[in-house]
Amino acid sequence: MTRHLPEDILREVETAVRAKAGQSRVLDVDATAKEIMGRHGWPDLEIGTLAASVARLASRYGCAVQLGGQRADSGRNTAC
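Residue 449 is where the sequence shown starts when you use the working numbering, and the numbers rise one by one after that.
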């Protein structure tokens with residue numbers, strides 16, 4: 449079950465997704481979540497919870513989401 453994220457984290461997710469959506473209509477969910485986690489030291493935050501929030505917001509912006517990084521063999525691109 450995905451838990452509710454604090455407002456400061458949600459703002460960071462929105463800022464990151466908005467910036468990436470302005471660059472490309474395909475958003476790498478895992479890379480974006482890891483990037484956000486790397487910038488901040490939220491000790492109790494799980495990457496899956498953050499990635500779910502990134503994916504939800506990316507879909508609201510009309511982005512296609514890429515799961516699993518940019519590996520050529522992943523083949524897991526999903527239109528939102």
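By construction, the Cβ of each residue, glycine as well, lies at the ideal position given by its N, Cα and C atoms.
Of all alpha-carbon atoms in Ala-499, Tyr-509, Gly-510, the one lying nearest the alpha-carbon of Gly-516 is that of Ala-499. Separation of the CB atoms of Val-477 and Val-502 is rounded to 5 Å, and the pair is thereby assigned contact status at 8 Å. By a beta-carbon distance limit of 8 Å, Cys-511 contacts Arg-473. Their separation comes to about 6 Å. Where Leu-505 is concerned, there is no enclosing beta strand (DSSP E), although the alpha helix (DSSP H) around it starts and stops at 495–508.
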